[in-house]
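In order, the protein sequence lines correspond to chains A and B.
In case it helps, the numbering used here puts the first sequence at residues 1 to 285.
In case it helps, the numbering used here puts the second sequence at residues 1001 to 1285.
There are 2 protein chains.
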Amino acid sequence: MLYMIGLGLGDAKDITVKGLEVLRRCSRVYLEAYTSVLTVGKEVLEEFYGRKLILADREEVEQEANNILKDADISDVAFLVVGDPFGATTHSDLILRATKLGIPYRVIHNASIMNAVGCCGLQLYRFGETVSVVFWTDTWRPESFFDKVKKNRQNGMHTLCLLDIKVKEQSLENLLKGRKIYEPPRYMSVNQAAQQLLEIVQNQRIRGEEPAVTEETLCVGLARVGAEDQKIAAGTLQQMCTVDLGGPLHSLIITGGSLHPLEMEMLSLFSIPESSSESQSIDGL
Amino acid sequence: MLYMIGLGLGDAKDITVKGLEVLRRCSRVYLEAYTSVLTVGKEVLEEFYGRKLILADREEVEQEANNILKDADISDVAFLVVGDPFGATTHSDLILRATKLGIPYRVIHNASIMNAVGCCGLQLYRFGETVSVVFWTDTWRPESFFDKVKKNRQNGMHTLCLLDIKVKEQSLENLLKGRKIYEPPRYMSVNQAAQQLLEIVQNQRIRGEEPAVTEETLCVGLARVGAEDQKIAAGTLQQMCTVDLGGPLHSLIITGGSLHPLEMEMLSLFSIPESSSESQSIDGL
């Protein structure tokens, strides 16, 4: 049996009791290590779970899925995913491959950023399409995701922005020379995402378009959702450029315009104090 | 401290290790019992958790929140919610009240139907606004949620339909006589939801409107997501009227039209065999 087990969002103890029992009896335990991270490292997980973890990076899962699935028809193999196995990234590929090999699978669900963002008080059912914000480079500065934000806002829906993660990146030099030397991991902060968004807004103005979002649009920045030191800050997009939310992972929500009174009241618990940022009037707060 | 603890979706062991540790040291443990249910009852939970659970129905949470929060400033109180505390129903009310009383709170997240529906293979980020389908009565047959399905489909997005739950209902007679006698709980099935949807489609045709959904629209019925005996069936809306998914809880997804090839391939794992239903050609499968 292939077990796809969600680890939740905080630390080692956010796994479910069922997930922990199952992984402890599996013959091999893989840890998917490219779409998200917990606040603790592999060693802490290994100690708490009482099992050695085999790191599976993107290459491995895509190219060596057969290794992961080896003997899973006669023994139990666990594939651990931060959040939920069908959260931001689906792992349909692995499941389809298992099914083709006649290997049964089971999913042990957990919280993912896709539902845990509800902790800021915005109602989950009022979220529209989720978008991904990627790190811009000198030559690649995609703006197309902004259309989805626009559509969501036109329909009065909030937009969850998942922020880019770069692990196992190679410098151009190392890539060209075929050296498997990797850069330190990078995680996009709410500040970086907000700055990129404001640049898109400026570009749209230059092109004479009416941007769906402005400096004053009410946003919510979230960091380390589910962890002890989680931080939530509600304020303008401009304020999101400078608010200090600490270490990764970060997510950003662009609100859909009109808020339910309960949403408003919840967000006010997290509003950025005037003094900590340039004074701004916030649409709707 | 007030702890809001998600229980996940299946049985007693779907609580997280952290959630279990916390609830075991709380002085009082409430179980929210009106928005969802697990596949096991209160007694099974009590035995596994090792704690007495106090059932909190909607009335209680709304009218006697102060009882729930009593002494939570000097001791720990747990409020257990099936799924995630901020899943389909937010419990913002209780949190806002606690905050006003100066009681700190923490949320221990878990899977909810809002993210676990990803198990059918449809990509979570392509879901639009979630809708609720309520039991119709002779005199109250709301159709307005259908506009949201329409908008989602126009934008190519899937719609998760949360199906009605009736607990602690009183018959008109008992209500009038002030007798606190309650009807057995009712949970809307995928069959019932599909039949109501098809009736709306018929009504729209009678009114000369172009319905956004037809008998042939590809849908996914899900039952007991996260439990050992979970069932998923992909087929036409017509097929959803008769497919047998077993006991509650059920959810229904109306797909957004064009599917990603991976979504398609995953859904084909769950397609209803021709023989088990009237033969239908399915849009897109």
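Even glycine gets a Cβ: it sits at the ideal position worked out from N, Cα and C.
Quick caveat: nothing in here was measured; it's all calculated off a predicted structure.
- Residue environment analysis places I68 (chain A) among the buried positions, since at least 16 neighbouring C-beta atoms fall within 10 angstroms of its C-beta.
- Counting along the chain, I1232 (chain B) sits inside the beta strand (DSSP E) bounded by residues 1231 to 1236.
- Just measuring C-alpha positions, the residue of B:I1095, B:E1215, B:K1151 sitting nearest F270 (chain A) is B:I1095.
- Chain A has no Cβ within less than 8 angstroms of the Cβ of A1234 (chain B).
- The region 145 to 222 of chain A contains, as complete beta strand (DSSP E) runs of 3+ residues, the segments 159 to 163 (chain order).
- Inter-residue distance for G226 (chain A) and K100 (chain A) is about 36 angstroms (C-alpha atoms, whole angstroms).
- DSSP places F1270 (chain B) in the coil class of the three-state scheme, outside both helix and strand.
- Shown here for F1135 (chain B): same chain residues with a beta carbon closer than 8 angstroms to its own, the five before and five after excluded, namely D1164, K1166, R1186, M1188, Q1192 in chain order.
- In terms of Cα proximity to P248 (chain A), the closest of A:D229, A:E265, A:L259, A:A98 is A:D229.
- DSSP places G1006 (chain B) inside the beta strand (DSSP E), whose first and last residues are 1002 to 1006.
- Contact of K100 (chain A) with chain B is not assigned, every C-beta pair being separated by 8 angstroms or more.
- Under the Cβ criterion of 8 angstroms, I1005 (chain B) is not counted among the residues facing chain A.
- Distance from the CA atom of T1035 (chain B) to the CA atom of D244 (chain A), rounded to whole angstroms, is 37 angstroms.
- I1074 (chain B) sits exposed, since fewer than 16 C-beta atoms from the chains shown fall within 10 Å of its C-beta.
- Taking the Cα positions, G1257 (chain B) is about 46 angstroms away from M1001 (chain B).
- For S1092 (chain B), the enclosing alpha helix (DSSP H) starts and ends at 1092 to 1100.
- When 7 angstroms is used as the limit between beta carbons, S1112 (chain B) is near these residues of chain A: N115, in chain order.
- The Cβ-Cβ distance between H91 (chain A) and M157 (chain A) does not fall below 8 angstroms.
- For L252 (chain A), no alpha helix (DSSP H) run applies; the uninterrupted beta strand (DSSP E) run containing it begins and ends at 250 to 254, by DSSP.
- In this structure L1160 (chain B) touches V1117 (chain B) by the C-beta definition: roughly 6 angstroms separates them, less than 8 angstroms.
- G1083 (chain B) sits in a strand when the DSSP states are folded into three classes.
- Within 10 angstroms of the beta-carbon of D1014 (chain B) lie 16 or more other beta-carbons, which makes it buried.
- As the crow flies, the alpha-carbon of P1184 (chain B) is around 49 angstroms from that of A56 (chain A).
- At least 8 angstroms separates the CB of N1203 (chain B) from every CB of chain A.
- P1085 (chain B) counts as buried, since no fewer than 16 other beta carbons sit within 10 angstroms of its beta carbon.
- Excluding sequence positions up to five before and after A1098 (chain B), its CB lies within less than 6 angstroms of the CB of L1002, L1069, Y1105, all in the same chain and listed in chain order.
- At a cut-off of 8 angstroms between beta-carbon atoms, L69 (chain A) makes no contact with chain B.
- For I1015 (chain B), the nearest CB of chain A lies under 8 angstroms from its own CB, placing it at the interface with that chain.
- Within chain A, the residues placing a beta-carbon under 7 angstroms from that of S1092 (chain B) are G121, L262, M266, ordered along the chain.
- Annotation for R24 (chain A): the continuous alpha helix (DSSP H) segment containing it runs 17 to 24.
- With contacts defined as CB atoms closer than 8 angstroms, L1222 (chain B) and H1250 (chain B) qualify as a contacting pair.
- Around the beta carbon of D1011 (chain B), 16 or more other beta carbons sit within 10 angstroms, so the residue counts as buried.
- Of the residues A:Q204, A:D93, A:T139, A:K177, the one whose Cα lies closest to the Cα of M1266 (chain B) is A:D93.
- Looking only at B:L1038, B:T1214, B:L1080, the smallest Cα-Cα distance to V1029 (chain B) is reached by B:L1080.
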